[in-house]
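Peer 1: According to the numbering used here, the sequence shown is numbered sequentially starting from 120.
All C-beta atoms in this analysis are idealised placements derived from N, C-alpha and C, irrespective of residue type, glycine included.
None of these values were measured; they are calculated from a predicted model.
Structure provided below as C-alpha cells; questions to follow.
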Amino acid sequence: LDARSDEERNVSMIAGAITKDDFLVNPDKYKDSTVVCYCTVGYISGACTLELRNQGHLNVKNMGDGALLGYTLHKTSAGVSKPLVKADGSATNDVHTFMDDLAPLAGEGMVGKSFADPPAVLEAANAAIK
120 LDARSDEERN VSMIAGAITK DDFLVNPDKY KDSTVVCYCT VGYISGACTL ELRNQGHLNV
180 KNMGDGALLG YTLHKTSAGV SKPLVKADGS ATNDVHTFMD DLAPLAGEGM VGKSFADPPA
240 VLEAANAAIK
C-alpha cells in the first residue's frame, strides 16, 4: 500500500501497489493478505499503518527497512536498473526522494525527484496519528 501523495506516486511506485483509498473502498478484498504500507522513508507509512490498525485492520504492517529508498537500494544493488513503475506501468529509475539530500540513498542509477514541502508533509502525518 503506497501511503504517499498522488504527486509522489505520479513519479513512480512499486509495481502492484495500491493506495490507501483503494484499500478502504474494499478492505475485505485484502483481509486474507498481509498489506504492507510504504512511503519514501517510513514515517508517513508508519502513521498510515497505525491509523489502519486502529480501525481494526490488523493485517496491515509498515515496510520499514528504509521503506521505498531501502527497496530501491536493495533492487539496484542486485542489478535491477529500473525497479519502479510509472502510472502507465512502464519501468523507471525515477523516485520521489522527499528531499534532495535523500537522493543518494535510493541506489546507484536512481534519479531522485523532490518537490514536496517536508515540514507540511510531516505535519499532516502527525495530525493523522493524533
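1) Would you check if there are 3 or more beta carbon pairs closer than 8 Å linking the stretch 195–210 to the stretch 220–232?
2) Since residue 187 contacts residue 156 with CB under 8 Å, what's their CB separation in whole angstroms?
3) Roughly how many whole angstroms lie between the Cα atoms of residue 206 and residue 124?
4) Quick check on the DSSP output: the alpha helix (DSSP H) that includes residue 144 runs from which residue to which?
5) Take residue 133 as the anchor and find which of 144, 158, 141 has the nearest alpha-carbon.
Peer 2: In brief:
1) Judged by Cβ distances under 8 Å, the stretch 195–210 makes contact with the stretch 220–232, as three or more pairs qualify.
2) Actually they are not in contact, since the Cβ atoms of residue 187 and residue 156 sit about 11 Å apart, beyond 8 Å.
3) Their backbone Cα atoms lie some 13 Å apart in a straight line.
4) 139–144
5) 158
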